[in-house]
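In terms of our numbering, the sequence shown opens at residue 917 and continues consecutively. Heads up, the beta-carbon is just placed ideally off N, CA and C, and yes, glycines get one too. Please read these numbers as outputs of a predicted model, since none were measured by experiment. Worksheet for the structure shown next.
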Amino acid sequence: MSGRDEPIVLGIETSCDETGVGLVRGHTLLANTIASSMEEHARFGGVVPEVASRAHLEAMAPTVESALDKAGLRFSDIDAVAVTAGPGLAGALLVGVAAAKAYALGLGVPLYGVNHLAAHVAVDQLEHGPLPKPCIALLVSGGHSSLLLVPDVAQDVISLGSTVDDAAGEAFDKVARVLGLPFPGGPHIDRSATSGSGTAIAFPRGKYDDGTLDFSFSGLKTAVARWVEARTASGETVPVADVAASFQEAVVDVLTRKALQACRRYDVKDLLIGGGVAANSRLRALAQERCDAAGVRLRVPRPGLCTDNGAMVAALGSELVAAGIRPSALDIPADSSLPVTAVHV
Ligand code: KG4
Ligand code: ZN
917 MSGRDEPIVL GIETSCDETG VGLVRGHTLL ANTIASSMEE HARFGGVVPE VASRAHLEAM
977 APTVESALDK AGLRFSDIDA VAVTAGPGLA GALLVGVAAA KAYALGLGVP LYGVNHLAAH
1037 VAVDQLEHGP LPKPCIALLV SGGHSSLLLV PDVAQDVISL GSTVDDAAGE AFDKVARVLG
1097 LPFPGGPHID RSATSGSGTA IAFPRGKYDD GTLDFSFSGL KTAVARWVEA RTASGETVPV
1157 ADVAASFQEA VVDVLTRKAL QACRRYDVKD LLIGGGVAAN SRLRALAQER CDAAGVRLRV
1217 PRPGLCTDNG AMVAALGSEL VAAGIRPSAL DIPADSSLPV TAVHV
C-alpha cells in the first residue's frame, strides 16, 4: 500500500502527564494534539500520578475529537488504534489503554498495544523517512535515559544501557530547582547556560570510563547541590549561568560519548536522539560535532515530536500494520514496567 491507500492509525499516549493523540497515514503525520497537565504539577516540582490520571480522563475524548477535527477526518476513517501499553505511570497508562480498547471495539478496528520507548524511535520516520536498519537510539527524557540498538523498530529493539539512578531530564529538573529555576527545569537551564561557561566548574561525569553503556546522574546532581550550598553558606552569590552551563556540559558529554561508543561497538552509522532532553541545544550541537568526527549520521526529530505525544504511538502502530504484525487482544494490560524488548504486546 502507498499514498492515500495506506491505513489511517489513531495513536493514544498517556504514560506520563501528556494526553497525546496522533493520526498518521503511513509515514504521513495528519494530526498531533496534546493536552498537558504540566501546570497542575508545577507547584509540586514533579508529576503527581493521581493528578495525571484524573487529567487524562478529562482530556481523553476532547483530545481525540480535536485531532480528528485538525486532520479533517471522521471516526469512520480510522483503520487501526495504537496505544502506549507501557512503560509509564500505571494509573495514567490505564486511562489510555481503556480508551483505546473502547475506540477499537466501537469502531470495529484492530488494537495495537505498543512500547513507549520504541514509539519514541518510530516517530522520527514522520519527519525524516524510513529508519536505517539498524540504528542506535539515545532516548533521554524526564522518565528515561536509554541506549538502544534498533535492528527493526517494528519487531526487534535491544537495550544496550540505561540509567542506574536518575533519568537525564530528572537531573535537569532537580538541578533547576536547586538554582531556583521553574519546573520543568530543562529549558530554563538550557537558556541560562547560553550566558555561562561549560568549563567554569568541573562537575563529575558518572560512569564515564566504566566500559558499560549505562548512565548515572545522581552523583552529578548531588555535586551541584553541594557546590551551590557551599557558595550560599559562605555568603557568595551563586553564578547561576556558569553552574547551569557546567552541569549541562557534564550531562551532554556523557550522553554523546556513550552514544558514539555504542555506534562504534556495534558498527552502526546512524544515531537517533529522542525524548524531551533532545530539545537541549548543547546536546544537539555536541552530538552533531561528535557524529561528524566519527562519520555517523545524526537524526533528531523536531522538539514537538521528541517530547511525549500521540503521533509517536500512531507512527509505531502504522509500522506494525505495515509489517503485518498480529493485533493485540482486547484484554491487554497496562504494564508500568514493560521491558523495551517488548515492542508490542
Ligand atoms: O519526553 P518528555 O516530554 O516527558 C517525559 O517522558 O519525561 O521530557 C520531559 C523532560 C523534562 O525533564 C524536561 O526538563 C526535559 O525533558 N527538557 C529539557 C529541555 N526541554 C525539555 N532538558 C534539557 N534541555 C531542554 N531544552
Ligand atoms: Zn517519553
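Asked: Hey, out of Ser1113, Gly1127 and Ala1146, whose CA is closest to Phe1163's CA?; Found: Ser1113
Asked: Decide if Pro1100 is buried, meaning its Cβ has at least 16 other Cβ atoms within 10 Å, or exposed.; Found: buried
Asked: Can you name, in chain order, every residue of its own chain whose Cβ lies under 7 Å from the Cβ of Lys1049, other than the five neighbours on each side?; Found: Pro1067 and Asp1068
Asked: Which term fits Pro1003, buried or exposed, when burial requires 16 or more other beta carbons within 10 angstroms of its beta carbon?; Found: buried
Asked: Please go through the same chain and pick out, in chain order, the residues whose beta-carbon is closer than 7 Å to the beta-carbon of Ala1139, but skip the five residues on each side of it.; Found: Phe1119 and Pro1120
Asked: Since I believe Thr935 is in contact with Ala975 (beta carbons under 8 Å), could you give me their beta-carbon distance rounded to a whole number of angstroms?; Found: 4 Å
Asked: Hey, could you find the ends of the alpha helix (DSSP H) Ile1105 is sitting in?; Found: Gly1102 to Ala1109
Asked: Please enumerate, following chain order, all residues with a beta carbon closer than 5 Å to at least one heavy atom belonging to the ligand ZN.; Found: Ser1057 and Asp1224
Asked: Could you tell me if the beta carbon of Ile1105 falls within a distance shorter than 7 Å of some heavy atom in the ligand KG4?; Found: yes
Asked: Decide if Gln1041 is buried, meaning its Cβ has at least 16 other Cβ atoms within 10 Å, or exposed.; Found: buried
Asked: State the start and end residues of the unbroken alpha helix (DSSP H) segment that holds Pro1067.; Found: Careful: Pro1067 lies outside any alpha helix (DSSP H), inside the beta strand (DSSP E) at Ser1061 to Asp1068.
Asked: Please report the Cβ distance between Ala951 and Thr979, rounded to the nearest whole angstrom; I am assuming they are in contact, meaning their Cβ atoms lie under 8 Å.; Found: 5 Å
Asked: Determine the closest residue to Glu922 out of Ala971, Ser1234 and Ser1253, with distance taken between C-alpha atoms.; Found: Ser1234
Asked: In three-state terms, what does DSSP make of Ser1078?; Found: strand
Asked: For Cys932, report the span of its beta strand (DSSP E) as first-last.; Found: From DSSP, Cys932 is part of no beta strand (DSSP E); its letter is neither H nor E.
Asked: Taking the runs of the beta strand (DSSP E) that are 3 residues or longer, which of them lie wholly in the segment 1155–1206?; Found: 1186–1190
Asked: Under three-state DSSP, which class holds Tyr1124?; Found: coil
Asked: Using a Cβ-Cβ cutoff of less than 8 Å, which residues in the same chain neighbour Met917 once the five nearest sequence positions on both sides are dropped?; Found: Residue confidence for Met917 is low, a pLDDT of 44 falling below 50, so the modelled location carries little weight; the figure read from the coordinates is stated next. Around Met917: Pro923, Gly942 and Ala1238.
Asked: Using 7 Å as the cut-off, classify the Cβ of Asp1089 as near or not near the heavy atoms of the ligand KG4, replying yes or no.; Found: yes
Asked: Can you name the start and end residues of the beta strand (DSSP E) that Ala1034 belongs to?; Found: Counting along the chain, Ala1034 falls outside any beta strand (DSSP E), though it belongs to the alpha helix (DSSP H) covering His1032 to Ala1038.
Asked: For chain D, is any of its Cβ atoms less than 8 Å away from the one on Ala1016?; Found: The question asks about chain D, but that chain is absent: this structure has only one protein chain.
Asked: So, Val1261 versus Ser1075, is the Cβ gap smaller than 8 Å?; Found: no
Asked: Quick one: Cα of Gly1077 to Cα of Val1037, how far?; Found: 16 Å
Asked: State the beta-bridge partners of Tyr1028 as determined by DSSP.; Found: Ala998
Asked: List the whole-angstrom C-beta distance separating Lys1123 from Asp1082, where the pair is believed to meet the contact cut-off of C-beta under 8 Å.; Found: About 12 Å; that fails the 8 Å criterion.
Asked: With H, G and I counted as helix, E and B as strand and the rest as coil, what does DSSP make of Gly938?; Found: strand
Asked: Among Leu1199, Asn1031, Ala1194 and Leu1027, whose alpha-carbon lies nearest the alpha-carbon of Ser1252?; Found: Asn1031
Asked: When burial is assigned at 16 or more other CB atoms within 10 Å of the CB, is Glu981 buried or exposed?; Found: exposed
Asked: How about the segment 1023–1030 and the segment 1143–1163: do they share at least three Cβ pairs that are nearer than 8 Å?; Found: no
Asked: Going by C-alpha to C-alpha distance, which of Glu929, Cys1179 and Ala1231 sits closest to Leu1065?; Found: Cys1179
Asked: Do Ala1195 and Ala927 count as a contact pair if the criterion is CB distance below 8 Å?; Found: Note on identity: in this sequence residue 927 is Gly, with Ala being the wrong assignment. No, these two residues do not count as a Cβ contact at 8 Å.
Asked: Smallest Cα separation from Ser1062: which of Gly1085, Gly1045 and Gly1012?; Found: Gly1085
Asked: Is the beta carbon of Glu1086 within less than 7 Å of some heavy atom of the ligand KG4?; Found: yes
Asked: For Thr1172 versus Ser1132, is the C-beta spacing smaller than 8 Å?; Found: no
Asked: For Ala951, which residues does DSSP report across the bridge?; Found: Thr935
Asked: Could you name the residues that DSSP lists as bridge partners for Cys1051?; Found: Val1066
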